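**Student:** First to last, the protein sequences are chains A and B.
Residue 25 is where the first sequence starts when you use our numbering, and the numbers rise one by one after that.
Residue 25 is where the second sequence starts when you use our numbering, and the numbers rise one by one after that.
Protein chains: 2
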Amino acid sequence: MLWSGWGDPAKAADLPEPLRKLLVDLLGLRPPETPAASFGEVRLPPVALSPLVLTELRGVVGADHVRFDDDTRIRHTRGKSTPDLIRMRAGDGSDAPDAVALPGSHEEVLEVLRLCAAHRVAVVPFGGGTSVVGGLVATRAGFAGVVALDLSRLNRLRSVDEESMIADLEPGMRAPQAERLLAGRGLTLGHFPQSYEYATLGGYAAARSSGQASAGYGRFDDMVAGLTVATPSGTLELGRAPKSAAGPDLRQLVLGSEGAFGVITSLRLRVRRAPAEKVYEGWRFASFAAGRTALRVLAQRGPLPTVLRLSDETETMAGLARPGELGGLDTDAGCLAIVGYEGDDAAARRESAASALAELGGVYLGAQPGESWAHGRYAAPYLRDSLLAAGATAETLETAGFWSNLPRLYDEVRRALHAELGSPLVMCHISHVYETGASLYFTVVTAQSGDPLGQWERAKRAAGEAIIGAGGTISHHHGVGRDHRDAYAEEIGELGVAVLRAVKDRLDPSGVLNPGVLIPSATASFR
Amino acid sequence: MLWSGWGDPAKAADLPEPLRKLLVDLLGLRPPETPAASFGEVRLPPVALSPLVLTELRGVVGADHVRFDDDTRIRHTRGKSTPDLIRMRAGDGSDAPDAVALPGSHEEVLEVLRLCAAHRVAVVPFGGGTSVVGGLVATRAGFAGVVALDLSRLNRLRSVDEESMIADLEPGMRAPQAERLLAGRGLTLGHFPQSYEYATLGGYAAARSSGQASAGYGRFDDMVAGLTVATPSGTLELGRAPKSAAGPDLRQLVLGSEGAFGVITSLRLRVRRAPAEKVYEGWRFASFAAGRTALRVLAQRGPLPTVLRLSDETETMAGLARPGELGGLDTDAGCLAIVGYEGDDAAARRESAASALAELGGVYLGAQPGESWAHGRYAAPYLRDSLLAAGATAETLETAGFWSNLPRLYDEVRRALHAELGSPLVMCHISHVYETGASLYFTVVTAQSGDPLGQWERAKRAAGEAIIGAGGTISHHHGVGRDHRDAYAEEIGELGVAVLRAVKDRLDPSGVLNPGVLIPSATASFR
Numbered sequence: 025m026l027w028s029g030w031g032d033p034a035k036a037a038d039l040p041e042p043l044r045k046l047l048v049d050l051l052g053l054r055p056p057e058t059p060a061a062s063f064g065e066v067r068l069p070p071v072a073l074s075p076l077v078l079t080e081l082r083g084v085v086g087a088d089h090v091r092f093d094d095d096t097r098i099r100h101t102r103g104k105s106t107p108d109l110i111r112m113r114a115g116d117g118s119d120a121p122d123a124v125a126l127p128g129s130h131e132e133v134l135e136v137l138r139l140c141a142a143h144r145v146a147v148v149p150f151g152g153g154t155s156v157v158g159g160l161v162a163t164r165a166g167f168a169g170v171v172a173l174d175l176s177r178l179n180r181l182r183s184v185d186e187e188s189m190i191a192d193l194e195p196g197m198r199a200p201q202a203e204r205l206l207a208g209r210g211l212t213l214g215h216f217p218q219s220y221e222y223a224t225l226g227g228y229a230a231a232r233s234s235g236q237a238s239a240g241y242g243r244f245d246d247m248v249a250g251l252t253v254a255t256p257s258g259t260l261e262l263g264r265a266p267k268s269a270a271g272p273d274l275r276q277l278v279l280g281s282e283g284a285f286g287v288i289t290s291l292r293l294r295v296r297r298a299p300a301e302k303v304y305e306g307w308r309f310a311s312f313a314a315g316r317t318a319l320r321v322l323a324q325r326g327p328l329p330t331v332l333r334l335s336d337e338t339e340t341m342a343g344l345a346r347p348g349e350l351g352g353l354d355t356d357a358g359c360l361a362i363v364g365y366e367g368d369d370a371a372a373r374r375e376s377a378a379s380a381l382a383e384l385g386g387v388y389l390g391a392q393p394g395e396s397w398a399h400g401r402y403a404a405p406y407l408r409d410s411l412l413a414a415g416a417t418a419e420t421l422e423t424a425g426f427w428s429n430l431p432r433l434y435d436e437v438r439r440a441l442h443a444e445l446g447s448p449l450v451m452c453h454i455s456h457v458y459e460t461g462a463s464l465y466f467t468v469v470t471a472q473s474g475d476p477l478g479q480w481e482r483a484k485r486a487a488g489e490a491i492i493g494a495g496g497t498i499s500h501h502h503g504v505g506r507d508h509r510d511a512y513a514e515e516i517g518e519l520g521v522a523v524l525r526a527v528k529d530r531l532d533p534s535g536v537l538n539p540g541v542l543i544p545s546a547t548a549s550f551r
Numbered sequence: 025m026l027w028s029g030w031g032d033p034a035k036a037a038d039l040p041e042p043l044r045k046l047l048v049d050l051l052g053l054r055p056p057e058t059p060a061a062s063f064g065e066v067r068l069p070p071v072a073l074s075p076l077v078l079t080e081l082r083g084v085v086g087a088d089h090v091r092f093d094d095d096t097r098i099r100h101t102r103g104k105s106t107p108d109l110i111r112m113r114a115g116d117g118s119d120a121p122d123a124v125a126l127p128g129s130h131e132e133v134l135e136v137l138r139l140c141a142a143h144r145v146a147v148v149p150f151g152g153g154t155s156v157v158g159g160l161v162a163t164r165a166g167f168a169g170v171v172a173l174d175l176s177r178l179n180r181l182r183s184v185d186e187e188s189m190i191a192d193l194e195p196g197m198r199a200p201q202a203e204r205l206l207a208g209r210g211l212t213l214g215h216f217p218q219s220y221e222y223a224t225l226g227g228y229a230a231a232r233s234s235g236q237a238s239a240g241y242g243r244f245d246d247m248v249a250g251l252t253v254a255t256p257s258g259t260l261e262l263g264r265a266p267k268s269a270a271g272p273d274l275r276q277l278v279l280g281s282e283g284a285f286g287v288i289t290s291l292r293l294r295v296r297r298a299p300a301e302k303v304y305e306g307w308r309f310a311s312f313a314a315g316r317t318a319l320r321v322l323a324q325r326g327p328l329p330t331v332l333r334l335s336d337e338t339e340t341m342a343g344l345a346r347p348g349e350l351g352g353l354d355t356d357a358g359c360l361a362i363v364g365y366e367g368d369d370a371a372a373r374r375e376s377a378a379s380a381l382a383e384l385g386g387v388y389l390g391a392q393p394g395e396s397w398a399h400g401r402y403a404a405p406y407l408r409d410s411l412l413a414a415g416a417t418a419e420t421l422e423t424a425g426f427w428s429n430l431p432r433l434y435d436e437v438r439r440a441l442h443a444e445l446g447s448p449l450v451m452c453h454i455s456h457v458y459e460t461g462a463s464l465y466f467t468v469v470t471a472q473s474g475d476p477l478g479q480w481e482r483a484k485r486a487a488g489e490a491i492i493g494a495g496g497t498i499s500h501h502h503g504v505g506r507d508h509r510d511a512y513a514e515e516i517g518e519l520g521v522a523v524l525r526a527v528k529d530r531l532d533p534s535g536v537l538n539p540g541v542l543i544p545s546a547t548a549s550f551r
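1. Consult DSSP for PRO329 (chain B) and reduce its assignment to one of helix, strand or coil.
2. Should MET189 (chain A) be flagged as near chain B, meaning a C-beta pair shorter than 8 Å?
3. Mind checking whether VAL248 (chain A) and ARG209 (chain A) have CB atoms under 8 Å apart?
4. Given a cut-off of 8 Å on the beta-carbon distance, is the pair HIS453 (chain A) and HIS500 (chain A) in contact?
5. Verify the CB distance criterion: does PHE550 (chain B) have a CB-CB separation below 8 Å to chain A?
6. How long is the line joining the alpha carbons of LEU384 (chain A) and PRO272 (chain A), rounded to whole angstroms?
7. Does any C-beta atom of chain A lie closer than 8 Å to the C-beta of THR224 (chain B)?
8. Only counting runs of 4 or more residues, tell me where the alpha helix (DSSP H) segments fall wholly within the segment 375–421 of chain A, in order along the chain.
9. What is the rounded straight-line gap between the Cα of GLY505 (chain A) and the Cα of THR154 (chain A)?
10. Bridge partners for ILE190 (chain A) per DSSP, in chain order?
11. Tell whether a beta-carbon distance below 8 Å holds between ASN538 (chain B) and GLY495 (chain B).
12. Would you say LEU334 (chain A) faces chain B, with C-beta separation under 8 Å as the test?
13. Mapping the DSSP letters down to three states, classify LYS104 (chain B) as helix, strand or coil.
14. Out of A:ALA357, A:GLY315, A:GLN218 and A:ALA207, point me to the one whose CA is closest to ALA300 (chain A)'s CA.
15. Report the residues of the segment 450–475 of chain B with a CB closer than 9 Å to any CB of chain A, ordered along the chain.
16. Going residue by residue through the segment 502–545 of chain A, where are the continuous alpha helix (DSSP H) segments of at least 4 residues, counting only ones entirely within it?
17. Below 8 Å between beta carbons: does that hold for GLY196 (chain B) and THR163 (chain B)?
18. Spell out whether any CB of chain B is found under 8 Å from the CB atom of TYR365 (chain A).
19. Would you kindly check if the distance between the Cβ of GLY117 (chain A) and the Cβ of VAL66 (chain A) is under 8 Å?
20. DSSP on GLY226 (chain B), reduced to helix/strand/coil?
21. My understanding is that THR58 (chain B) touches ARG408 (chain B), with C-beta atoms under 8 Å, so please give their C-beta distance in whole angstroms.
22. If we require 4 or more residues per run, which alpha helix (DSSP H) segments fall completely within the segment 421–494 of chain B?
23. Determine, using beta carbons only, whether LYS267 (chain B) comes closer than 8 Å to chain A.
24. At least one CB of chain B closer than 8 Å to the CB of GLY280 (chain A): is that the case?
25. Near GLY83 (chain B), what residues of its chain come up, given a Cβ to Cβ distance below 7 Å and the 5 sequence neighbours on each side ignored?
26. Among B:ALA239, B:LYS267, B:ASP93 and B:GLU339, which residue has its Cα nearest to the Cα of LEU332 (chain B)?
27. In whole angstroms, what separates the C-alpha of GLU221 (chain B) from that of ALA202 (chain B)?
28. Pick from A:ALA237, A:GLY461, A:GLY540 and A:SER62: whose alpha carbon is nearest that of ILE98 (chain A)?
29. So, is GLY535 (chain B) buried or exposed, given that buried needs 16 or more other C-beta atoms within 10 angstroms?
30. Please list the terminal residues of the continuous alpha helix (DSSP H) segment that includes THR79 (chain A).
31. Could you run through the segment 168–200 of chain B and flag, in chain order, every residue whose CB is less than 9 Å away from some CB of chain A?
32. With a CB to CB cut of under 6 Å and the five nearest residues on each side skipped, what residues in its chain are close to ALA526 (chain B)?
33. I'd like the list of long-range same chain contacts for LEU389 (chain A), defined as Cβ closer than 8 Å, with 5 residues on each side in sequence excluded.
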């Protein structure tokens, strides 16, 4: 993974010239004055951990698995939000962990947590490092240092129960590796978020990920049958049945806890038969509102396609649903929907969904837009790097709400971004649908000011306030991290925060687990 | 509701003579020596609440809505488990609340909770009174009395959002009333548990109910879009979107909390279009194992019927799936499955499911068994009263597990019941299926010993230990209450219990909410 950007450096793509020209015309883009820092120019703080702690860490995980060389520290610094990249491009490594520990078992994780609790060392669980909400930056104040707990050695497929269709997997396994191993048995998780190429299974669970095929395969939290969780207070072993009436569902308390309650050390995940057939197609609707109605009807009456995504007019015009063709401006009016079907019954569902979509005003565009979307589905983060280099801040934010509230959410977020950023390019799509509502996913592109971090921070705060004010959730699938923490506190209220804090105090009494993430500190005041 | 049994006394049904004869032959049934107590013979403890508390309660909810006459107290005593009925038939009213308060608003609930916390009065939230796991009996020790908080005045349909397909309802509304009001708009919840005729919506949520049509409509927890919860520490307002990545799902912490964390005062529930078509049919499988495989394949590959239920050989032979025909012994070999389809696409799903069932060895029996099941679906609890009167203890217990573990669960529970009860009649069915597993629902009939309560307590404990030992959950839809509390503690482990206790301590610092239910007291020791 590129230390200062996204993905495989060999796959870096220049901005298509027509798009660059469009953005110059539209947004007044100008290349940044200072070039991006090189790897060697990144400024790291000195290692703050005491020799005693380092020695004890080595005693638990082995000398080879405690690292504090510059390379390792830089590669475990922050996540992959646009502000994260802007800071790294400026050579700012101030949030680097002091050391990286790589445990090899559940017991080693437990020991590391106990050790860090005893020494008041903050612990940041680290999977794929793809957080876009500041989920990998621990508060340093009050701690004797920060250790990144890299789970990449916990990367086994432990077993598969093909009768129950459950795979037992370790949290550090990357998603593509999981899919490869499962494909060997004709199985799939069916979970393909934008971060797919780098994300880990533990990260999916800790951050309540949702993938591009969520209409067909469900969200990641739907797939979790069981979890083993290491905490400073011991082990939680959760999930004996698909569903239970035995009390609150404690799995749902760990899912989305972002390393603040414990470290997931194994996952029992529902798997499905890998689909023999996959069809992706395009449909056009006259307006975002018309398309939204069509998606709602499919979600409420079925049959639900596997992939269902609707771009608004701006996103359609910019061609963002098909990153491979960006800049080849789509000049037809209306909104593009990508509709995909996977599985044995793909043909039957397609026939039935297609007739519903046509009835609801959709115009069938054939397979080409769908194939183009599928081809470019993981390309957008690469594009962001080129945009940054060209002087644009490109970032995404998202929310979800009930259907009747989506128009208000859409309007309020756009209004807030425009008010803060002047004339940004704001694109939106619906990409996850449910019977009662859906998510809205915004992509914002704006010309960088002289203070791009401050510029985006203000815009992001305004968008978050708009989301909360309009009754949406602060995140449908990115999570909370540090960046959404205050908005999240407003979303669940003081008593909700107090409940989470009570849980954290019980599982992590010294507060060393990912401090500053998810839950505001007890002394923070609410707006 | 009959105070000492189930349902409408006018619907009481005598035991069919062939069944009575069979049970006499099979189990050595003999009518009990002492007749059941009359209403006037029930012994109630004196009202323990101080005049000050009663005055303050009247100040909050109004004088008409604080009651402590014998009739009201008896009708709020315990729930509807067989031991509950045996105690009432013996005239034992020792668990009666001191008073019943009927709040008329969320604010009144909040005030009652604060008042009771201040005076250390235990509060038992009371909906339909249908708990079968001791969910309505508060610990008295350490408290200045017990108030049943009857939610029947909170019974409005507040609004319906037909675009989002969400109805905003109050917790005290009984399920049939909710269905009647929704039917007026062509809508349904689709939630039909055995307790349907008396259960309330708040009770469904607090106990994580699952209905007979769960394959088609989901469990009740799947239907909950939002909740308002009154606690002694304030109000929780949960649910801004169908799904969210903003932290742990706090709705899932309230669902299944059985009044130990707070009182649900409003529910935003997903609704569906009421089905125009309903078809229920019978299928026969050669064995429980063959039928289980068929259900599993339907659950994993689809299409899933709306109702899917498979009786084992014993239950099939006894005809329990068709209470209206009980005693008309089903002498064909094998296992009966009831398969139902509801909705616009019922015909298409039926065609597809029927061909899958036939391929998997099912023999189609036509509509008669399905219609018979549908006709008698709420009759079983009435039958229990007749069995009690005839000298039999009849009770149900249930669990759920992953598919590969179901045979072990089935065997271990039966073994435990047989070891404890001699030669009881143990019947079982699978009535809720998921991709990764299913529930097992056992009905046990045994001749009463001279100490029927002790006899069942031992059998129930043995069955619970078998369930936990075999890796199942202690309840798929009955809940925890007092009866499953210790097994539940084993299921989630000491740390899981500690997490729940931390949540309770934060929301209910004086511990007045349903004390003794769900969570063992802090000083209880684990086995």
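Every residue gets a Cβ at the ideal spot worked out from N, C-alpha and C, and that includes glycine.
Because the structure is a prediction, the values reported are computed rather than measured.
**Tutor:** Result, derived from the coordinates:
1. coil
2. yes
3. no
4. no
5. Residue placement at PHE550 (chain B) is flagged as unreliable, the pLDDT there being 37, under the threshold of 50; a coordinate-derived value is accordingly withheld.
6. 40 Å
7. no
8. 392–399 and 404–413
9. 12 Å
10. A:ASP185 and A:ARG294
11. no
12. no
13. coil
14. A:ALA207
15. HIS456, VAL457, TYR458, GLU459, THR460, GLY461, ALA462 and SER463
16. 509–531
17. no
18. no
19. yes
20. helix
21. No, THR58 (chain B) and ARG408 (chain B) are not in contact; Cβ-Cβ is about 19 Å, not under 8 Å.
22. 430–445 and 476–493
23. yes
24. yes
25. none
26. B:ALA239
27. 11 Å
28. A:SER62
29. buried
30. 75–85
31. ASP185, GLU186, GLU187, SER188, MET189 and ILE190
32. none
33. GLU305, GLY306, TRP307, ARG308 and LEU360
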